[in-house]
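Protein sequence lines, in the order shown, are assigned to chains A and B.
Following the numbering used here, the numbering of the first sequence begins with 119 at its first residue and continues without gaps.
Following the numbering used here, the numbering of the second sequence begins with 2 at its first residue and continues without gaps.
Every residue, glycine too, gets a C-beta built ideally from N, C-alpha and C.
It should be emphasised that the depicted structure is a prediction, and the values quoted were computed from it without experimental measurement.
What follows is a set of notes on a single structure, which appears directly below.
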Amino acid sequence: MFSDYKPRGGFDEYFVAANRPRSCLEPLISSLGNLGLEEISRSHSAAERLLQQVGATFRLYDSDIDGGERILPFDPLPRLITAGEWASLEAGLIQRLQAIDLFLGDVYGDQHILNDGVIPREYIETSQGWRSAMVGVVPPLQRWCHVAGLDLIRDEEGTWRVLEDNLRCPSGVAYYLENRRVMKRMFPSLFHSRTVQAIDDYPSHLLQTLQDLAPWTETPKVVVLTPGSFNSAYFEHSYLAQQMGIELVEGRDLFCHNGRVWLKSTNGSQAVDVIYRRIDDDFLDPNCFRSDSLLGVRGLMELYRQGTVAIANAPGTGVADDKLVYTYIPEIIDYYLKEEPKLQNVTTYRCSCAQDLDYVLANLDKLVVKSVSEAGGYGMLIGPHATTDELVEFSNRIQASPRNFIAQPTLYLSTVPSISHGEVYPCHVDLRPYCLRGHEPWISPGGLTRVALRRNSLVVNSSQGGGCKDTWVVQDDRPSVNV
Amino acid sequence: MLGRVAESLYWMFRNIERIENLSRFLEVSSAMDLDSGIAIEPWMPLIDACGDRELFQEVKSSFSSEEIVDFLVQSKNNPSSIRSCLLLARENARQIREVLSTEMWEHLNAMYWRLKHEGSFAGLPSLEWLVRIRQDCQLFYGIADVCFSRSLGWQFCQLGRLVERADKTARILDVKYFLLLPHGENVGGVVDQLQWIAVLKTAGGYQMFRQSRQLSITPKGVAQFLLLDRHFPRSVRFCLDGIHQALENIDPQQASSERTLGRHVGMMRARWTYTDIVEIIQYGLHESIDRLQQDLNKTHNQLEEIYFHVSQSFSL
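Right, here's the structure in full:
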């Protein structure tokens, strides 16, 4: 089934070149070949139906209860990462997140890193993720970012790099978990004779991480806070609450009284210790952030400062995933840990820096330009695909506020064979592992592989035709040789 | 438990119960429609049994069997049609997935997608289709029975299901009784066996009736069985016993005679326990059933006030 498969520009994770599989992929490629494209396509449709039935769907805004509900398109050809490779990625992620937590504690605390001039103070204080209300707050365990979903890519040489840090409310973990369940049901034979690391324990680790944040009690009451059932990610919120066996609440279900946060229940009120919030900082508390928010809990931030309730992630973590601050992560790792970064950034130009700005403006048609505070593929220019008008417009926007833009070379993300229009085709992918930090750090084996299913597209976001794949961390898959 | 979670559980079960009842109504009527020589057409009484005559006349122009069945099965304009109820039940479930067992959710969700993919149909649904819908509801109950904890949430599920069931059993009897015996004085007159068998089947109780009575079918006997039988799980009395039990399990205080809810349900239950069918018929069967419906509505309103909308009463 791979005889016509031609890897193209960039690093292909299955094949070195046409008909030359990477040695660690050979057994999987032969298992897939045994199933055959026809059988795989049949199970593929069944798998997508199953995802719909289990309710792994997102609802488009403004649609009624019988309206637009979609699954994230699912590609059945798994992506493999060997255990050895995974171990070094894991170490890199743990290092990076440890440094980021120290950085957050510092910028909202004594600000050594700013006083020492490692990062210009104005970059921090002008960041859209900066929350001055957090200055002087010490969160439980001095942990800030309890759940992170970094976006990793492999460049043309196959080197893993961090593209974005996603330290606020990363989503997608429910798809990561459900995809595996569907793969097992639809393609059990692919799991035989290889050891794919299990991922089902994510909810247990997440719950443990959240419980760790309430050292004041033996029996912490943890809740998931959602904006409500019309939010497009509601499926994930309810899924996680169900998997952890805890309550899913909206802001209107909670209230602050006598120094505690309470849950309104049919049999009186119950004190809440930890809130895993899936709403943005701005909406958490109308007394502290946006006063027009109806989603949050009035008075929550005051109790958070007093230390009677924990919030995951802590408000204000967004300052560390500002894309301009991202460019300083190697310096941040060096500053706090005195270590070399184990995971590299992507080459990035800071438009706020005169020299870089000149280069960016002169090479706009070759670069990808991103707004520093936006995610999800929004506020972005892909130079090689842009029209002249778009280039001019972006050039003006950059010059008007250079602080708000960074630029990167157009990256040819690695490719993995995927089913596209009934054929096997090399599609670009990224990877979002889910990283937890309670008492101990924990990284999900693998993560959500997002795949650009539109041919030639470099954008993996679901809003632009992206789908996902199951990702397997495996012991080296080659059959052992009998001596 | 959050008030809105309790409310969603209640409505999820109530809606499923409604679908199950409705599909059984239609199933029996479809089967009757195939028999010749039955004088009374079977469809319109179903609209009355659902209490929807007014709405029907608003949205439909003719009383043809196709229009009636369309209204009951798939009309978006009828919030109690099978499709609307399924949509609502699934939405109730979607909002509180975190408290359901995965298998309950997946079954309900699969039902929803199957109906959605089928699209709407013209003419009458096949008997097969109706049987499948009914069995799907029963499978849902079965799944809940084997994997849903008997804690607070379960009690609210029972309330939704039993309030709906008591109401529907009483209505189907009311409508048919009026239709078959338009003049009260004819009670005990000529019995159209086929029609009364159909009434029992519509309430899912034909064999159970036979077993419990082992007598010929009389209108009085049927009414006695559907309203007052202690053991038949769809009888009004059985449902009221269950409602009372669920309230006790939720909070014995609220279910006691010192509280409005407890008093109200206790009185209603006494009214349908310490009586017999002769007394009810003398008072007027229709009047009794009318009163029952008002009492059930009042029960529902009190549940809303005490449990479902509880969060509105927390203020500082």
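Straight through space, the alpha carbons of A/L479 and A/V510 are spaced by roughly 10 Å. Shown here, A/N463 sits in a strand according to DSSP, grouped into three states. Per DSSP, A/E282 is one residue of the beta strand (DSSP E) stretching across W278 to E282. At a cut-off of 8 Å, the C-beta of B/W114 has a neighbouring C-beta in chain A. If you ignore the 5 residues before and after A/G556, its C-beta comes within less than 8 Å of the C-beta of L259, R261, H264, Q326, T327, L328, Q329, D330 and L331, all in its own chain and listed in chain order. The segment 168-175 of chain A and the segment 317-324 of chain A do not touch, with fewer than 3 CB-CB distances between them shorter than 8 Å. For A/D371, a Cβ of chain B is located within less than 8 Å of the residue's own Cβ. In summary, A/K124 is exposed, with fewer than 16 beta-carbon neighbours lying within 10 Å of its beta-carbon over all protein chains present. Put simply, the CB of B/R19 is far from chain A, with every gap to its CB atoms at 8 Å or more. In the three-state scheme derived from DSSP, where H, G and I count as helix and E and B as strand, A/A174 is classed as coil. Check the Cα spacing between B/R238 and each of B/G222, B/M269, B/S65 and B/H265: the tightest is with B/M269. Nearest CB-CB separation between A/T567 and chain B: not below the 8 Å threshold.
A/V486 and A/S206 have their C-alpha atoms some 28 Å from each other. With a threshold of 8 Å between beta carbons, B/G4 makes contact with chain A.
Boundaries of the beta strand (DSSP E) around A/D548: E541 to R550.
For B/P43, the number of other beta carbons within 10 angstroms of its own is at least 16, and it is reported as buried. Beta-bridge annotation (DSSP): A/G584 is paired with A/A570. Contact of B/A111 with chain A is assigned, a C-beta pair being separated by under 8 Å. Here B/V70 is near B/L125, since their CB atoms are less than 8 Å apart. Our two residues, B/V200 and B/V74, have alpha carbons roughly 20 Å apart in a direct line. Taking each of A/F309, A/N481 and A/I516 in turn and checking the Cα distance to A/G497, the smallest one comes out for A/I516. Of all alpha-carbon atoms in A/P527, A/L482, A/Y530 and A/G540, the one lying nearest the alpha-carbon of A/F512 is that of A/L482. B/D168 is positioned such that its CB atom lies no closer than 8 Å to that of B/H287. When secondary structure is reduced to three states using DSSP, A/D269 falls in the strand class.
Per DSSP, reduced to three states, the secondary structure at A/T337 is coil, with no helix or strand assignment. Of all residues in the segment 520-536 of chain A, none has a C-beta nearer than 8 Å to a C-beta of chain B. Neighbourhood of B/A7 in chain A, by CB distance below 7 Å: T384, in chain order. Looking at the DSSP output, A/P559 bridges to A/R555. A/S161 and A/Y294 have their alpha carbons spaced roughly 19 Å apart.
Taking the C-beta atoms as reference points, A/Y467 is found nearer than 8 Å to A/A525.
Put simply, the CB of B/W273 is far from chain A, with every gap to its CB atoms at 8 Å or more.
Listed in chain order, the positions of the segment 89-109 of chain B with a beta carbon within less than 7 Å of a beta carbon of chain A are E92, R95, Q96, R98, E99, W106 and E107.
Using a CB distance cut-off of 8 Å, A/G414 does not count as an interface residue toward chain B. In the DSSP assignment, A/E365 falls within the beta strand (DSSP E) that extends over E365 to V367. Runs of the beta strand (DSSP E) lying entirely within the segment 16-51 of chain B and spanning at least 3 residues: none are present.
A/L554 and A/D319 have their C-alpha atoms roughly 12 Å apart.
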